[in-house]
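Enquirer: This structure is in structure tokens; I'll ask about it shortly.
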Amino acid sequence: MAKRGLPPLDWLRVFEAAGRLGGFSSAAREFGLTQAAVSQRIANLEAWLGRPLFVREARGVSLTMDGEAYLPLVQEGIGSLQRSTEDLFGTAPRELRIAGMTSHIHALLLPRLGAFLQAHPDLRVLTEALSQRLDFDDQTTWLQIRFERGGWPGRTARRICREILAPMAAPGVGWGAPLIELRGSRPGWQVWAQEIGMELDWHAGLSVDSMEHALTAARLGQGVVLGSLALAREALADGRLVRLDLPELQTEDSYWLTWPDGRLAARRMRALVEALLDELVRGQE
Numbered sequence: 001m002a003k004r005g006l007p008p009l010d011w012l013r014v015f016e017a018a019g020r021l022g023g024f025s026s027a028a029r030e031f032g033l034t035q036a037a038v039s040q041r042i043a044n045l046e047a048w049l050g051r052p053l054f055v056r057e058a059r060g061v062s063l064t065m066d067g068e069a070y071l072p073l074v075q076e077g078i079g080s081l082q083r084s085t086e087d088l089f090g091t092a093p094r095e096l097r098i099a100g101m102t103s104h105i106h107a108l109l110l111p112r113l114g115a116f117l118q119a120h121p122d123l124r125v126l127t128e129a130l131s132q133r134l135d136f137d138d139q140t141t142w143l144q145i146r147f148e149r150g151g152w153p154g155r156t157a158r159r160i161c162r163e164i165l166a167p168m169a170a171p172g173v174g175w176g177a178p179l180i181e182l183r184g185s186r187p188g189w190q191v192w193a194q195e196i197g198m199e200l201d202w203h204a205g206l207s208v209d210s211m212e213h214a215l216t217a218a219r220l221g222q223g224v225v226l227g228s229l230a231l232a233r234e235a236l237a238d239g240r241l242v243r244l245d246l247p248e249l250q251t252e253d254s255y256w257l258t259w260p261d262g263r264l265a266a267r268r269m270r271a272l273v274e275a276l277l278d279e280l281v282r283g284q285e
């Protein structure tokens, strides 16, 4: 039977997570609960309201019309309460979790963390390394470094730097050495050659599926790579890689710092993430 007034906040928070993430199991991971515990809290909320909020099917769950109408109201209410509590009573955040591809954390984040942590000595930064882009779909860490053209639904994205590719190799390895092929979404050697108007009669002695592997192969003297300036910055700075005297290629991709829309409403957390973004951008200047 439906009850008047507000249901327990715990039930609302679990409902919000399940609705936002699209399933009970994802909400369970976010709160460190079992799926059964999440299911029970939502069943309690539905009994309280007297309306079903989810349709249970063999393939998972989906919001009912009432659930779809209720979710943004719950999100607005929880967000407002969180912001007001943080602004009135909160202290500076003590912990910041950041998820990203292993190579992006290594090349974009870690070189700038020293200066960032020096400016925030009471902060603890935790990284979550992902092995492939599909892992972002199941990742509950809300602050993420992502790559591509941006425009992820439900997420705010701020550019760290654009992706620029340039021919590079180990010292002593010049043009004419085997070209290292990188499979994937980035433009490759053929696109580069077309852009600069060069006839490319090439042989790929090695073909890899990650920029990290391509740069490693180049550092080991195995050929010339059309490498990411952002990810190769450290190796170029210390001489393990050198740029060849050939044109670079501007791409439509970028590296981004991203977070769920509305997640930075609290003033202190917003200032902290903005400071991190400034540091990451400064590292690419």
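Taking UniProt numbering, the leading residue of the sequence shown gets 1, the next gets one more, and so forth. Built from N, CA and C at the ideal position, the CB exists for glycine as well. As the structure is a computational prediction, the values presented were derived from the model and not from experiment.
Would you check if the distance between the CB atom of Ile196 and the CB atom of Pro121 is smaller than 7 Å?
Expert: no
Enquirer: Sort out for me which residues DSSP pairs Ser207 with in a bridge.
Expert: Checking the DSSP bridge columns, you'll see Ser207 partnered with Glu181.
Enquirer: Quick one: Cα of Glu148 to Cα of Cys161, how far?
Expert: 11 Å
Enquirer: Which residues does DSSP list as the beta-bridge partners of Arg270?
Expert: Paired residues: none, contrary to the question.
Enquirer: Residues in the same chain with beta-carbon distance under 6 Å from His213, minus the five sequence neighbours each way, listed in chain order, please.
Expert: none
Enquirer: Any contact of the region 161-170 with the region 257-272, i.e. 3+ C-beta pairs under 8 Å?
Expert: Because the criterion of three Cβ pairs below 8 Å is not met, the region 161-170 and the region 257-272 do not touch.
Enquirer: Measure how close the beta-carbons of Leu206 and Ala217 come, nearest whole angstrom, since I'm counting them as under 8 Å.
Expert: 6 Å
Enquirer: In chain order, which continuous runs of the alpha helix (DSSP H) of length 4 or greater are located wholly inside the region 42-94?
Expert: 65-89
Enquirer: Within its chain, find whatever has a CB closer than 6 Å to the CB of Pro7; leave out the 5 residues flanking it on each side and keep chain order.
Expert: Leu45 and Trp48
Enquirer: Classify Met168 as buried or exposed, calling it buried when 16 or more other Cβ atoms lie within 10 Å of its own Cβ.
Expert: Flag for Met168 reads buried.
Enquirer: Based on DSSP bridge pairs, tell me the residues matched to Pro260.
Expert: Arg155
Enquirer: Is DSSP giving Arg282 helix, strand or coil here?
Expert: helix
Enquirer: Taking Asp209 as the reference, which of Gly227, Leu200 and Trp202 has the closest Cα?
Expert: Gly227
Enquirer: What residues in its chain sit with their C-beta under 8 Å from that of Val191, if we drop five residues either side in the sequence?
Expert: Leu249
Enquirer: Taking the alpha helix (DSSP H) that Gln113 falls in, what are its first and last residues?
Expert: Looking at the sequence itself, residue 113 is Leu, so the reference to Gln does not match. Per DSSP, Leu113 belongs to the alpha helix (DSSP H) from Leu110 to Ala119.
Enquirer: Specify, as a first and last residue, the run of the beta strand (DSSP E) that Arg124 falls within.
Expert: If you look at Arg124, you'll find it in the beta strand (DSSP E) that goes Arg124 to Leu130.
Enquirer: For Ala99, which of Leu123, Ser25 and Arg146 has the nearest alpha-carbon?
Expert: Minimum Cα distance to Ala99 is reached at Arg146.
Enquirer: Report yes if the C-beta distance between Thr258 and Gln144 is below 7 Å; otherwise report no.
Expert: yes
Enquirer: Could you check the C-alpha separation between Glu274 and Arg158 for me, to the nearest Å?
Expert: 10 Å
Enquirer: Excluding the five sequence neighbours on either side, which residues of its own chain have a C-beta within less than 8 Å of the C-beta of Gln82, listed in chain order?
Expert: Ala265 and Ala266
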